[in-house]
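Peer 1: Structure incoming, see below.
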Amino acid sequence: MMWLVVPLGLSGCQQALFPKDAPRTQFESHRQMRGQTAPLEEPDVFGNPQPALRARLAPR
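For what it's worth, the numbering used here labels the leading residue of the sequence shown as 1, then goes sequentially.
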């Protein structure tokens, strides 16, 4: 039985389950179609990328 389980564990996943360029929700895909996308990241005062929470949570 062990000879069957070990190769499965070593093989791992071939592709990412959720690609980065795929929309996360149906609402995000709707906004992409309408051209109303908000940036996912923006630089902080030091230039490091931070999540753009204010831009994404602001009312439209």
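Every residue gets a Cβ at the ideal spot worked out from N, C-alpha and C, and that includes glycine.
Name the DSSP beta bridge partners of residue 41, please?
Peer 2: 51.
Peer 1: Could you pull out every residue in the same chain whose Cβ sits closer than 7 Å to the Cβ of residue 37, ignoring the five residues on either side in sequence?
Peer 2: So the list reads 31, once near-sequence residues are dropped.
Peer 1: Please say whether residue 58 and residue 39 have beta carbons closer to each other than 8 Å?
Peer 2: No, the pair does not count as a contact, with Cβ atoms beyond the cut-off.
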